[in-house]
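As structure tokens, the structure follows; a few thoughts come after it.
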Amino acid sequence: MDVKVEVEVEKPAPEVEEPPMTEDDSKPKPKAFVPAIAVPKIPDGEKVDFDDIHRKRQEKDLTELTSLIEAHFIQRKKDEEELIALVNRIEKRRTERAEQLRIRSEQEKERQARVVEEKERKELEEARKKQDDDAKKKKALTNITQQYGGVQQRQEGKKGAKKQTEREKKKKILADRRKPLNIDHLTEDKVKEKSNELWQWLMTLEAEKFDLTEKLKRQKYDINVLQSRINEQQKLQISSWLVFRTRKAPKEEARPRAG
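As numbered in numbering that gives the first Met the number 0, residues 0 to 258 make up the sequence shown, in order.
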């Protein structure tokens, strides 16, 4: 008995326009592994088992789905590994950057500390040099004062045996009035002020000395002029007297002598 099998011929599906390709579509996608399944053949003259065909179709679909799921999880694992590696690289760079900033900060602190130390050293050196210069100036000024006083004392000692004139008495009075120069406790500004004061005093003495010298020269000149006039006057008087005596002598000789 012949069995007629009606096989439905599937109509071709209507063509659907494919969407335009994007960057994601251009990237190669992992191919799912699909095992080759033989298409069941319908034997001629035998009964067709549609349940077996449906079962095999379901097995094929399940196999394809399983392959797609495995490929998805493989790609997902790969993406996670790449993400973890990227996070690790970012963290490593952040750590290296922080370490570089820390090293630079320490180097900057050390540099600033060296600058401050060098500045303090220079200030101490300048202060010490200034102090030494002040001490040398004070010592030199003290030596000058002592030498001046010693010279004055020696001069007064030499003149001790001589008779003091009014001028020498004045000098002695001035020397007695002179106070010792004590500048060890003075500051630099005070020492400068004292030096200027002594300088002005010295200039005043020099001016007075110059005036007295010029006055003495003028007095000597006046004395010399007066002495010359006196000498000339004396000479005139002597000449007049001699002339008078010369004229008077013949008259006395001509006068008769008393018997």
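All C-beta atoms in this analysis are idealised placements derived from N, C-alpha and C, irrespective of residue type, glycine included. It should be emphasised that the depicted structure is a prediction, and the values quoted were computed from it without experimental measurement.
Using CA atoms only, rank isn't needed, just tell me which of the options is closest to residue i.
i	options	result
Glu187	Glu231, Ile68, Glu124 and Leu140	Leu140
Can you tell me whether residue i is helix, strand or coil according to DSSP?
i	result
Asp60	helix
Asp48	coil
Thr164	coil
Glu14	Note that Glu14 has pLDDT 48, beneath the 50 cutoff, so the model's placement of it is unreliable and the number below is only indicative. DSSP places Glu14 in coil when its eight states are reduced to three.
Report the CB separation of residue i from residue j in whole angstroms; it is logged as a contact under 8 Å.
i	j	result
Lys108	Asp183	Contact flag wrong, Cβ pair sits at about 45 Å.
Val190	Asp131	Their Cβ separation, rounded to whole angstroms, is 14 Å, which puts Val190 and Asp131 out of contact at 8 Å.
Lys193	Leu185	7 Å
Continuous beta strand (DSSP E) assignments of at least 3 residues falling wholly in the stretch 173-243: none
Those runs of the beta strand (DSSP E) which lie wholly inside the stretch 69-125 and span at least 3 residues: none
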